[in-house]
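Presented below is the structure to which this report refers.
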Amino acid sequence: MSQKQEENPAEETGEEKQDTQEKEGVLPERAEEAKLKAKYPSLGQKPGGSDFLMKRLQKGQKYFDSGDYNMAKAKMKNKQLPSAGPDKNLVTGDHIPTPQDLPQSKSSLVTSKLAGGQVE
Amino acid sequence: MAGAGGGNDIQWCFSQVKGAVDDDVAEADIISTVEFNHSGELLATGDKGGRVVIFQQEQENKIQSHSRGEYNVYSTFQSHEPEFDYLKSLEIEEKINKIRWLPQKNAAQFLLSTNDKTIKLWKISERDKRPEGYNLKEEDGRYRDPTTVTTLRVPVFRPMDLMVEASPRRIFANAHTYHINSISINSDYETYLSADDLRINLWHLEITDRSFNIVDIKPANMEELTEVITAAEFHPNSCNTFVYSSSKGTIRLCDMRASALCDRHSKLFEEPEDPSNRSFFSEIISSISDVKFSHSGRYMMTRDYLSVKIWDLNMEDRPVETYQVHEYLRSKLCSLYENDCIFDKFECCWNGSDSVVMTGSYNNFFRMFDRNTKRDITLEASRENNKPRTVLKPRKVCASGKRKKDEISVDSLDFNKKILHTAWHPKENIIAVATTNNLYIFQDKVN
Numbered sequence: 001m002s003q004k005q006e007e008n009p010a011e012e013t014g015e016e017k018q019d020t021q022e023k024e025g026v027l028p029e030r031a032e033e034a035k036l037k038a039k040y041p042s043l044g045q046k047p048g049g050s051d052f053l054m055k056r057l058q059k060g061q062k063y064f065d066s067g068d069y070n071m072a073k074a075k076m077k078n079k080q081l082p083s084a085g086p087d088k089n090l091v092t093g094d095h096i097p098t099p100q101d102l103p104q105s106k107s108s109l110v111t112s113k114l115a116g117g118q119v120e
Numbered sequence: 001m002a003g004a005g006g007g008n009d010i011q012w013c014f015s016q017v018k019g020a021v022d023d024d025v026a027e028a029d030i031i032s033t034v035e036f037n038h039s040g041e042l043l044a045t046g047d048k049g050g051r052v053v054i055f056q057q058e059q060e061n062k063i064q065s066h067s068r069g070e071y072n073v074y075s076t077f078q079s080h081e082p083e084f085d086y087l088k089s090l091e092i093e094e095k096i097n098k099i100r101w102l103p104q105k106n107a108a109q110f111l112l113s114t115n116d117k118t119i120k121l122w123k124i125s126e127r128d129k130r131p132e133g134y135n136l137k138e139e140d141g142r143y144r145d146p147t148t149v150t151t152l153r154v155p156v157f158r159p160m161d162l163m164v165e166a167s168p169r170r171i172f173a174n175a176h177t178y179h180i181n182s183i184s185i186n187s188d189y190e191t192y193l194s195a196d197d198l199r200i201n202l203w204h205l206e207i208t209d210r211s212f213n214i215v216d217i218k219p220a221n222m223e224e225l226t227e228v229i230t231a232a233e234f235h236p237n238s239c240n241t242f243v244y245s246s247s248k249g250t251i252r253l254c255d256m257r258a259s260a261l262c263d264r265h266s267k268l269f270e271e272p273e274d275p276s277n278r279s280f281f282s283e284i285i286s287s288i289s290d291v292k293f294s295h296s297g298r299y300m301m302t303r304d305y306l307s308v309k310i311w312d313l314n315m316e317d318r319p320v321e322t323y324q325v326h327e328y329l330r331s332k333l334c335s336l337y338e339n340d341c342i343f344d345k346f347e348c349c350w351n352g353s354d355s356v357v358m359t360g361s362y363n364n365f366f367r368m369f370d371r372n373t374k375r376d377i378t379l380e381a382s383r384e385n386n387k388p389r390t391v392l393k394p395r396k397v398c399a400s401g402k403r404k405k406d407e408i409s410v411d412s413l414d415f416n417k418k419i420l421h422t423a424w425h426p427k428e429n430i431i432a433v434a435t436t437n438n439l440y441i442f443q444d445k446v447n
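Protein chains in written order, with full-length UniProt numbering: chain A, 1 to 120; chain B, 1 to 447.
Structure (structure tokens):
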């Protein structure tokens, strides 16, 4: 996670004045927050910040350069390019995407299991 | 009939379960949406593989009056295919995010299905007759030699085995930069809205090359982005009114008569939060994952991570009812954040008379809240209870301390077994509950 504004430290200590009912509701959440901060000290920022949302908006992003791709395809005729690593989803600049890496258009798809072999 | 009893007065019984038994779930089989049509006769499901399966309730057998008609497969088709946007380097999933039925106008049925980017209008029609007795063709389709034709006859329609065909009638594409999360058909039955993370568009069902942008919350500078649209719905009766919910827990009601671009809301529904209660998780768990108007149109229901809230459209400053779905998770937020479960988007639904609401939880549990009796019940969708007409036993989660017999402790809950999608028949006490890859149908006990 990248740099963000520091969370207000006063939040963690100000709950003495609340009544019992609220205390029971708030303390578990604060305890959980403390646990999280202990595990990830750099997590000082507000989660609703732009980075978090930007990640959400960029779902599905794969890096693809058609020029590189076509060059690689041409070269592939002569030698085998290294295939994608264990994480097929991570097709970034260094690795030239090959036809195997890109999602295949599944033209002959199996019928949904909901529609066949019903178990009543 | 429907909703006559409360959530607890009704005895829910197992009716049917659809889908594979094995635990090894293929990604494509993950159910992503469930929706009854307006009469309740048809039940549609969409999955991650882009497929739609429609079930039809069989006509009630007058002799066997101890159960309502079963749902059997009526039609299945591939709605969306995976795509790759080379220009933006984006993989476009074929997962069906939402299905919405159009009210029936003629013999055919119509539904809208959408993935992240494209909405499609599908026509589902029946064919139970075919023409026979052509003069120039044999029955198998081969053309006859015209010189062998010595007499003329008039082809006639003869009955054939029922064939249900699905065909895409309209494709509404290229209107969304971000991922579509909602579609909603207007009560005028001519227009509908589609909402993505930052924008809402208005379409006419007949026109695919144009849509009007009615909400745009994209900031000029994306660094200033603080909230996104999470769900949107048209009012069931007022064709000019719609609502949209946000990741910050607010709901905005907009009136399309006020201006062409509804960036300024007519009403803002937000429950005030005590600032001293705020934690790292506050905003995340306040994010609204679903918003649904009541059938009456007087209320709307929102689902956030831990609760279901009912709002009176006349009161913006707080909900009129709040129901805790799984409050015991509040002390597990750290691990739920780590395993991403805190971002799960649960849906919610009303029964036909707006007296009971339902939503899903983990461990294949689902919850119902009776608004009149204020009683709630937790049930489980599991193949262990799958004898027809077996009454489901209520479940209980033990938050802390001594676990009673038959209770399950919070730490034993299976967070991979989530019920995100549920649907309630519009008229009867029949519910459809989707686990990861199975569809359960439950009914109330009919004596």
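Here a beta-carbon is modelled for each residue, glycine too, at the ideal position from N, C-alpha and C.
- At a cut-off of 8 Å, the C-beta of Lys404 of chain B has no neighbouring C-beta in chain A.
- With a contact defined as Cβ atoms closer than 8 Å, Ser247 of chain B and Glu227 of chain B qualify at about 5 Å.
- Sequence-distant partners of Arg169 of chain B (beyond 5 residues in either direction) whose C-beta falls short of 6 Å from its own C-beta, in its chain, are Leu121 and Lys123.
- Where Tyr362 of chain B is concerned, there is no enclosing beta strand (DSSP E), because DSSP gives it neither an H nor an E.
- The beta carbon of Pro131 of chain B is closer than 6 Å to those of Pro155 and Phe157 in its chain, skipping five residues each way along the sequence.
- C-alpha of Asn240 of chain B to C-alpha of Met256 of chain B: approximately 5 Å in a straight line.
- Between Lys95 of chain B and Asn438 of chain B, the C-beta gap is not smaller than 8 Å, which leaves the two residues out of contact.
- At a C-beta separation below 7 Å, Asp188 of chain B has no neighbours in chain A, since its nearest C-beta there lies roughly 31 Å away.
- Around the C-beta of Pro146 of chain B, fewer than 16 other C-beta atoms lie within 10 Å, and the residue is accordingly described as exposed.
- Per DSSP, the unbroken beta strand (DSSP E) holding Ser245 of chain B starts and ends at Thr241 to Ser246.
- For Glu407 of chain B, the enclosing beta strand (DSSP E) begins and ends at Glu407 to Ser409.
- 8 Å or more divides the Cβ of Val320 of chain B from the Cβ of Thr302 of chain B.
- For Ala72 of chain A, the closest Cβ of chain B is not nearer than 8 Å.
- About 6 Å separates the beta carbon of Ile419 of chain B from that of Ala381 of chain B, a gap short enough to meet the 8 Å contact definition.
- Per DSSP, the continuous alpha helix (DSSP H) segment holding Cys334 of chain B begins and ends at Leu333 to Glu338.
- Interface flag for Lys35 of chain A against chain B is set, since a Cβ pair is found closer than 8 Å.
- Here Cys254 of chain B is bridged, per DSSP, to B:Phe242.
- Between Ile431 of chain B and Thr422 of chain B, the CB-CB gap stays under 8 Å.
- Contacts with chain A at 8 Å (Cβ-Cβ) do not include Cys398 of chain B.
- The C-beta separation of Leu112 of chain B from Tyr192 of chain B comes to about 7 Å, placing the pair in contact by the 8 Å criterion.
- Chain-order list of chain B residues neighbouring Ser42 of chain A: empty, with the shortest C-beta distance near 13 Å, by a criterion of under 9 Å.
- Closer than 8 Å to the CB of Asp344 of chain B there is not a single CB belonging to chain A.
- Residues of the stretch 37 to 49 of chain B with a C-beta atom less than 8 Å from some C-beta of chain A are Thr45, Asp47 and Gly49, listed in chain order.
- Here the C-alpha atom of Ile119 of chain B lies approximately 15 Å from the C-alpha atom of Ala232 of chain B.
- Its Cα nearest to that of Thr230 of chain B, the residue B:Thr250 stands out among B:Thr250, B:Phe212, B:Glu223 and B:Met222.
- Taking CB atoms only, Phe281 of chain B has a neighbour in chain A less than 8 Å away.
- Per the DSSP secondary-structure output, Ser194 of chain B pairs in a beta bridge with B:Ile183 and B:Asn201.
- DSSP, reduced to helix, strand and coil, places Ala38 of chain A within a helical segment of the structure shown.
- Rounded to whole angstroms, the gap between the alpha carbons of Glu70 of chain B and Met160 of chain B is 24 Å.
- The beta carbon of Ser331 of chain B falls within 8 Å of a beta carbon belonging to chain A, placing the residue at that interface.
- Contact annotation, Ala399 of chain B with Val34 of chain B: C-beta distance approximately 29 Å; criterion of less than 8 Å not satisfied.
- In this chain, Ile284 of chain B is not harboured by any beta strand (DSSP E); it is covered by the alpha helix (DSSP H) spanning Ser282 to Ser286.
- Within the same chain, Cβ atoms closer than 7 Å to the Cβ of Arg144 of chain B are found at Leu136, Lys137 and Glu138, the five residues on either side in sequence being excluded.
- At a C-beta separation below 9 Å, Leu439 of chain B has these neighbours in chain A: Leu114.
- In the three-state DSSP reduction, Ile96 of chain B falls in the coil class, being neither helix nor strand.
- Within the stretch 66 to 77 of chain B, Val73 and Thr76 place their CB atoms closer than 7 Å to a CB of chain A, listed in sequence order.
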